[in-house]
Each structure stands twice: as structure tokens, then as C-alpha cells.
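> Okay, here's the structure, questions in a sec.
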Amino acid sequence: MLISLMRLETTRYGYILLLVCDVMMQISLVTSSCKFALKNLKKWMQPKKVPAGVLTFPSTARVTPEPLGIVLVVSAWNYPFLLAVDPVIGAIAAGNAVVLKPSEIAPATSSLLADLLPRYVDSSCIKVVEGGIAETTALLEQKWDKIFYTGNSKVGRIVMSFAAKHLTPVVLELGGKCPVVVDSNVDLHVAAKRIAAGKWGCNSGQACISPDYVITTKSFAPKLLDSLKKVLDEFYGKDPLRSEDLSRIVNSNHFNRLKALMDEEMVSDKIVFGGQSDEQQLKIAPTLFLDAPLDSAIMKEEIFGPLLPIITVDKIHESFALINSMTKPLAAYLFSKDSKLKRQFERNVSAGGVIFNDTGIHLTNQNLPFGGVGESGMGAYHGTFSFDAFTHRKAVLDRSFLGEAKARYPPYTRGKLKILKGVLKGNPLAMVQAALGCTGWA
Amino acid sequence: MSTGAMAGAGAEAGGELGETVRELREAYGGGRTRSLAWRQAQLRGLLRLLKEKEAEAFQALHKDLGKHHAEAYRDEVGVLIKSANGALQQLGKWMAPDRVWVPLIAWPATAQVVPEPVGVVLIFSCWNFPLGLSLEPLIGAIAAGNAVALKPSELSPCTARFLADNIGNYMDASAVKVVNGGPEVGEQLMEHRWDKVLFTGSPRIARSVMAAAARHLTPVALELGGKCPCIFDAAAASARDLQVSANRIIAGKWSPCAGQACIAIDYVLVEERFAPVLIKVLKSTLKRFFQDADHMARIVNQRHFERLSSLLKDRAVAPSILHGGSMDAKNLYIEPTILLNPPLDSAIMTEEIFGPLLPIITVKKIEDSIAFVKAMPKPLAIYAFTRDAALRRRVVEETSSGSVTFNDAVVQYAIDGLPFGGVGQSGFGQYHGRHSFEMFSHKKAVMKRGYLLELTLRYPPWDESKVTLMRYLYRFNYFAFVLAFLGLRR
């Protein structure tokens, strides 16, 4: 199944709304995910011996992975190929049958998957179901052994409440406002490039781990702004709306949503760069805001677009309280060379993942669990974690008929209780007595 | 004084609950629950509690369930002491970050998985092992550095009160709280957002807990039950094997809380020809073990007593009673009862029994038990007594359950290395030992990069050559990448 999935990558690709680079990135990530699974599959499938301990001596204990059964994967529109296929890889690796429901908001990829996938994998065990809200609801009403959902927290709640009816465990990969804290002790140009790459280089900010907003000190903000503007000019030129390297907004709903964020009265005068938009092309230029009010919509909701608010604080440590006053994000970023600050950030900021001096790259490391916490989701995947997400770890204990500890059976006597106490405390004499079937005195 | 205790079994007003939750959030937010010292202090406090208040604990369990103190020690107090000691020993290791490999392309970089507490957690425990099912998860939640609210079951009120009266005196009362009350208190608690909820109990209530949790995107773990089958293969059994098996079947059925246990043996499957010999040895062993009715727990309350007696009174079932069957409504005592082949569509064979009634179902060949078990919802545990390695392999590979234990029953509960939890209808989420720590932790991915190496190909403006370079990179084809980079390959 996994080898077939990889061959899918080399087939001629249909029209997709994203850039070649994005597409290639998605395909490459899926390919490397598949290869990683193929390489490690035998190891993952092996039972793991665990110490049985003395209480049940003689005995052996192991944990044996088994598939959960039939799982449902519901994916998102922003990285429609990657977010659909990557979880499916985990489900297959773990030995499950899968139904994939790609997002209808990326219809070209959805039909591509529906068309191509069955030709490369066992279509009686791996199926693609296309459709919108009605079809998704109908799917959610069925009983699944696991549901894996990538999307927003509003629908995440709906998915979990459907799952509750059948006691189905879920993985929810949601989003949040991923903050970027920029300290003054940085290599500014590199930092600005990496922030820009993570924001506008990733689907125009329409990514769950895109930097959502920046926090920096009042004194450093002007330098940061300058650097960002320079970088944006390098990346997209003087007329970003004409740049082919700038992704467009997925549809007019989201375009209008983003415009409303920008046009809100208390925010529109905080624009310090950009602000242009083209409704025809569904493009919005990279736009920077300085100190948008914290109660504005752009600071309360996940932006998911090319708008970057920069919030200033007096001291950099104040950023922690600001971040913690919001719900836990999928990723939190800090640009700094200061080890103490980094340590404090790691300890005090809770997020799905934390990256120092870069953005978004943890996505590509198969050894790191990728998932949220709190509002940004539950469960994780990638690499071994994908296999684990779709696996039941079954405990198996093999006891011998030897080692009959009469002390455990009624009728209970003081002597037996003494032995029991000794055994549970790890007292060697008691254990010997138990193993020999003694019942102690009285 | 114990400010952490919400004394009394009465329901709490919404305002008080809100205050409780707020205090827990404050305690957690202040940061002290995260230190190793705090966690160790709580665990040590718990150990002191179990030692100093052992007599009171036994009394509470006896009042609630008629448990003999040996059973209380064996199944609850002793196991808790073992777990708390284990956690104390292993805590440093569990808290340590895990370094993971970083692909060369990200150099210089380091990556780790760092466990952190989820925050403020809620534990619902059950009435049958009211001490164990409250404190075992508590050990995990504390070890992981969380603030905890514990809601014991109101159906075991003496133990609930014992916990409320004592926890605050031995542990940090503003970070570890006991909340007592009936189902309405449970509902009110679920109106708040928690960072994790562990629920042990029935599937019906589990559904409403999970539905309530969904509103806040609170992750849950559900420890439910099921009909745990025991496959008894007498084919190669010697007389000694038979006796040992009978001992252990009884230890797995009647000894833990008179069968009112999620991992108790629910029913036995045996080949027709061996049923008589099994029944004979069970009867004689039962007589020996339970000469004194005091050595088996009683039924928890009137409602469950009536539920169990109606299982037996079912006209289609009554004729299959082979042993026992007598009931004492006043003392809520039901004698260990064995049935032979009650109808498979009767309630006793379709519902989880949770009591001292053992149906024995005969099959033609012992291998048929596998299909029988597969046709039922996945249970918390499957037991098989057999010396046949091929049968053992088939049981593991062809059935699904929380756990499988060969040649014994229930003991898997005490093994720290084995994850304890269900699958399918028996629940999801696992704990015990290190798994308890992980159940209440968030594994945070942390990646540190340096400024040294800048790969400009990741930045726009993009062109074909950058795409080509990216292709090589993602496949970790460093050689080709370097060549292309140097312009020696297209």
C-alpha cells in the first residue's frame, strides 16, 4: 500500500491552486513520510517486551501493537494533498482500513485523490469519499474505531461530539494563533527571512503553523519592521499582488473574512506596510500592523492569511504573559540567541511545538510528534507517532502454572496478609514465601 | 486544616464548584506543581496517608462494599503503595526530555520531546475500587505536575468521605482537591474546561462525559468495561494445572469485589467434555475459599442487587443454575453462583454481569471460543488458560481487547510495565506506571536552530533550480544536492 502511494507522486499532477513549490513540498513530504514508514514498519509492528516484575513471577509481559480497525480521516483544504495522505499513511502502516474524506474546499485535489488513490492501493480497504457538509455528517454518524480530523476548532468540537456517541477516540489537529517572539539579541536579517518564509512563504499564511502575530519590544520594533519590509521586497518585489510567488486566498469567503479583519476601524489605521488586495485574483499583499488592539478581531481570531500584527511590549518577558493569556497554539516561536530566555520560553509557554530561531520546520522532522494541546488539538502524528495514533497497544501477560501464591486467596488470615504486604512492598523474603505457596502464621 | 476537602456528601452549588476550579487554576498557574520537589512531596504525602490511615481506609472499604481488609490491601492499598513508590523512583527519568534525531539538512539544530503537565485535570473514579481507581490516576496526574480535582463515586460514600477528609491533610490542599456529590455535581464539573478528564465507569455515562468534554475540546480517557471472557482449555491439563486454574479463575471472578470489577472474568468458555471436571473443581475450591461469607465482598447497593437477582430469576436462565444462587437481600449478599449454558440471548449473556454469577458456556472445540469472543464487543481483558502455544497465538492475533492474560486473571492490573486500558467499547487511553505519567502529560516538540546555515532556496522568488534542489533535499539525497548546488548537475 505504501509503495503504491509513493508511485502516485510520480504521476502527472492535475491543476492545483497552489504554487509548484508548495505542491512539490507536499508531495515530497508525503513521499518521505511513506519511505520512513516503509523503513520502520517491521520494527513498529514488533511486540515490545516489558519487565513483568516479581509480583507475577514467573511470567513474561509484552505490549503488542494491533490495528484499531476502520478509521476515518477528514482533512483540510490548505495543504490538501499532504494533510489527506499523511494521516492515511499512518493508518495503513498500523494495519487499518481507511476512509478518507478530503476537503471539498480544495475540489481539484479532492477529485484527484478520489480518482488516483484507488488505482494504486487496495481500494476495498482504502476508500475516498468526496463531498461537503452533508456527506461529512453522514460519515461522522457511523461508528469508527478512530477519527482523525484536521481543521478548525469549531468543527473539531462537532467531530468530537459525534465521536462521543460511539465512544470513538479522536485525533484533532487544529490551529490557533502561533506567536513569534523576537528578541533584540538575534541575527535580524535571517530572523526576518525565516519569519517571512513561515508566514507568506507558506501558502500566504494559510497554514496551521504559520506565524500568526509577532511580539517584540517597543525599542526593537522599528528595526524589525525595517527588516521585514526589506525581506518582503526581496521576496515579492514592489508589486506583490503581481508576484507569482505569492499564493492566493483559497476562496472569496476567506478573502472577505481577511478583508474584514484588515478593515476593522481600530485596526485599519495600524497598517504600516502593504494593505493592497485584488478581489479578482483573490490576492492580498503581505500586510504588517503595528500594535493592533488586543481586543480587535485580528488579535482574537486565528488569522490564517497574509496579515501580520506586530505587538510591542516594554520588556521581552512580558510576551510570555501575553501568549499565555490566549489559548494554547499549535506552535510558538522565539527568535533569540539568549539561552536563558530560551529556557524560560520553553518552560513557560505551552504549545504543540516550540521552535527557536526558525518557523514551521518541525513539521518536516519525522521524529517529532506533531500535534496540538488545549484549543490547538489533541493527539499527535508524524513518524512513529502516526503509527501509534492508529494503533492499540495490547498488553499481554503470559503466566506459568508455577508460582502459586496461596497468600492471595481466601480464606484470609493474618499470616497471608503479612505475606501480601511484603510482596507488594518488594520484600524478598515475602516473595520467596509467596512463591513457595506459604500461607504464613495464623 | 483541610481546605482542600469539600466535606459532606451533599451536592455543591455551582458557585462553590467554580471557586474550586478557579483555585486549582491559580495553583497550577503559580507554577509550583511543576517542580520535582512538589511532585515528590505529594507522592510521599500519599504514601504516608496510606500508611497512617490504613485502618480507616479498610473500615471505609468494609462499610461501602464489605471488603475484607486482606482483599482491600491486595487489590487497592497495596497496589497504590507499589505504584507511588514506583513513581517516586522513576519520576526523574519520566520528566527528562527525549532527544531525537534531526536530519542533516536542518543542521545546526537540536530536537527534543519535552513532557509538560497538561494543567488542571479531573478524575472521575468508580465505586468498586473507590480508593484504587481514585488514587492510581492521581499518582499519575501528580507525577506529571498537574493540579487535580478528584470526584469519587457517591455510591461508595464512606470512601468518598475518607478521601475528602484526608487528602487535604497529606497533600497540597489547594492543588489537589476532592469534590464529592451525586451525578449533578459530575455534570456541573463537566461544564468547566479541564486540560484532561479521566473517567472510569459505564459506557452510558462515558458518552455524556465525552460529549460535555467536546464542548471545550477537553481530551478524555475512558476506562470502561465489557464482558471479559475466560477461555479454559483443559486438553493438556494435569490435575495440578486444573486446581491452579480453578484457584485463579476464582481469584479472577469472585475474589475481586464479588465480581464487581471491570477486569473480572465475566464468563467462561470450555469444551463440552471438560465442563463437568471444571465445574467440580470450581465447586470444591469455592467451598474452601469462601467458608466464611465475610471473605467475599457484598453487592454495592439495592439497585445492583436487584439487577443481579433479575439476571438469575429470568425464567430462561434459572434452570441453568448449577451451584449457589441464594441471595440475602438484607445483607446485599449473593452466593458465588455458577450457571451452565444459559441462553446466549439472555441478559446475563448480553450485558456485563458485574457480580458473583459465572456462566459457563460450552463449545465443541476450544478453538470455537475465538469466534465466540470475536462476535462480542471488545472487552477490557481476555483470559485464556492453556498450555497450547498455537491457541495462545491465535488468541493474541485474532481477538482484540485491552489486554490478554494467559493462565491467570486480574493480576495484569498490578504490573507497572503493562499499559492498562481498553479498546473499542471498553474505552480508550491507558495508564499505570509510566503510562499514567504520559496520560496526564503533553509531549511538546522543541526544536532549536542556529543562524549559521542559511538555505536561500527555501525563500521566494522561486525558480526551477530551487525546486530541483528542494527535491534532492526532501529525499535526503545530500550528494545530489551538493552537486546540484555546485552547479555540477542539473
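Sequences listed follow chains A and B, in order. Okay, so the first sequence: first residue is 1 according to the UniProt record's numbering, each after it adds one. Okay, so the second sequence: first residue is 1 according to the UniProt record's numbering, each after it adds one. Note that CB positions come from ideal geometry on N, CA and C, so glycine has one too.
#1: Counting C-beta neighbours from all protein chains within 10 Å, is the total for residue 342 of chain B 16 or more, i.e. buried, or is it exposed?
#2: Could you name the residues that DSSP lists as bridge partners for residue 245 of chain A?
#3: What are the start and end residues of each continuous beta strand (DSSP E) run of 3 or more residues lying completely inside the segment 60-130 of chain A, in chain order?
#4: In the DSSP output, what is residue 149 of chain A paired with across the bridge?
#5: Measure the C-alpha to C-alpha separation of residue 306 of chain B and residue 426 of chain B and round it to an integer number of angstroms.
#6: State whether the segment 109-124 of chain B contacts the segment 288-297 of chain B, with contact taken as three or more CB pairs (one from each stretch) at a distance under 8 angstroms.
#7: Shorter than 9 angstroms from the beta carbon of residue 190 of chain B to some beta carbon of chain A?
#8: Compute the distance between the beta-carbons of residue 177 of chain A and residue 299 of chain A, then report whether it is under 9 angstroms.
#9: Answer yes or no: does any C-beta atom of chain B fall closer than 9 angstroms to that of residue 242 of chain A?
#10: Determine, using beta-carbon pairs with one atom in the segment 24-41 of chain B and one in the segment 375-388 of chain A, whether at least three such pairs fall under 8 angstroms.
#11: Touch check for the segment 56-64 of chain A and the segment 393-412 of chain A: three-plus C-beta pairs under 8 angstroms?
#12: For residue 367 of chain A versus residue 482 of chain B, is the C-beta distance shorter than 9 angstroms?
#13: Is the Cβ of residue 431 of chain B closer than 9 angstroms to any Cβ of chain A?
#14: Could you check the C-alpha separation between residue 9 of chain B and residue 160 of chain B for me, to the nearest Å?
#15: Drop a sphere of 10 angstroms on the beta-carbon of residue 454 of chain B, count the other beta-carbons inside from all chains shown, and report buried for 16 or more, exposed for fewer.
#16: Can you look up residue 459 of chain B in the DSSP assignment and give me helix, strand or coil?
#17: Name the chain B residues that come within less than 8 angstroms of residue 355 of chain A, Cβ to Cβ?
#18: In the segment 184-229 of chain B, which residue ranges form an unbroken beta strand (DSSP E) of at least 3 residues, counting only runs that do not cross its ends?
#19: Would residue 76 of chain A and residue 146 of chain A qualify as a contact pair, given that the criterion is a beta-carbon distance under 9 angstroms?
#20: When DSSP labels each residue in this structure, what does residue 137 of chain B get in the three-state scheme?
#21: Across the segment 150-165 of chain A and the segment 201-220 of chain B, are there enough close Cβ pairs to call them in contact, namely three or more that are closer than 8 angstroms?
#22: Using the beta-carbon of each residue, which ones in chain A are nearer than 9 angstroms to residue 333 of chain B?
#23: Compare the C-beta of residue 215 of chain B with all C-beta atoms of chain A and state if any pair is closer than 9 angstroms.
#24: Closer than 9 angstroms, CB to CB, is residue 326 of chain B near chain A or not?
#25: For the segment 262-335 of chain B, which segments carrying the beta strand (DSSP E) assignment without a break, of at least 3 residues, lie completely within its bounds, in sequence order?
#26: Please return the same chain residues whose Cβ sits closer than 7 angstroms to the Cβ of residue 359 of chain B, not counting the five positions on each side in sequence.
#27: Residues of chain B with CB closer than 7 angstroms to the CB of residue 300 of chain A, please, in chain order.
#28: If we define contact as Cβ-Cβ less than 9 angstroms, is residue 219 of chain B a contact residue for chain A?
#29: When you compare each of B:439, B:414 and B:442 to residue 78 of chain B by their alpha carbons, which one comes out closest?
#30: Quick one, which residues of the segment 14-37 of chain B are near chain D if we go by CB-CB under 9 angstroms, in chain order?
#31: Would you call residue 320 of chain A buried or exposed, if buried means 16 or more other Cβ atoms sit within 10 Å of its Cβ?
#32: In whole angstroms, give me the CA-to-CA distance for residue 352 of chain B and residue 23 of chain B.
#33: Contact criterion: CB-CB distance below 9 angstroms. Does residue 381 of chain A meet it with respect to chain B?
#34: Of the residues that make up the segment 124-136 of chain A, which ones have a beta carbon closer than 9 angstroms to any beta carbon in chain B?
#35: Would DSSP call residue 112 of chain B helix, strand or coil?
#36: For chain A, check one thing: does any of its Cβ atoms lie closer than 9 angstroms to the Cβ of residue 64 of chain B?
A quick look at the data gives this:
#1: buried
#2: Per DSSP, none; premise fails for residue 245 of chain A.
#3: 70-74, 97-101 and 126-128
#4: A:74 and A:172
#5: 24 angstroms
#6: no
#7: no
#8: yes
#9: no
#10: no
#11: yes
#12: no
#13: no
#14: For residue 9 of chain B, the predicted model reports a pLDDT of 38, less than 50, meaning its position is unreliable and no value from the coordinates is stated.
#15: exposed
#16: coil
#17: 446, 447, 448 and 449
#18: 196-200 and 220-223
#19: no
#20: helix
#21: yes
#22: The premise fails here: residue 333 of chain B is roughly 15 angstroms from chain A at the closest Cβ pair, so nothing lies under 9 angstroms.
#23: yes
#24: no
#25: 267-271 and 321-323
#26: 267, 339, 342, 348 and 349
#27: Within chain B, no residue comes near residue 300 of chain A; the closest Cβ sits about 17 angstroms away, beyond 7 angstroms.
#28: yes
#29: B:414
#30: Protein chains A and B are contained in the structure displayed, whereas chain D is not.
#31: buried
#32: 39 angstroms
#33: no
#34: none
#35: strand
#36: no
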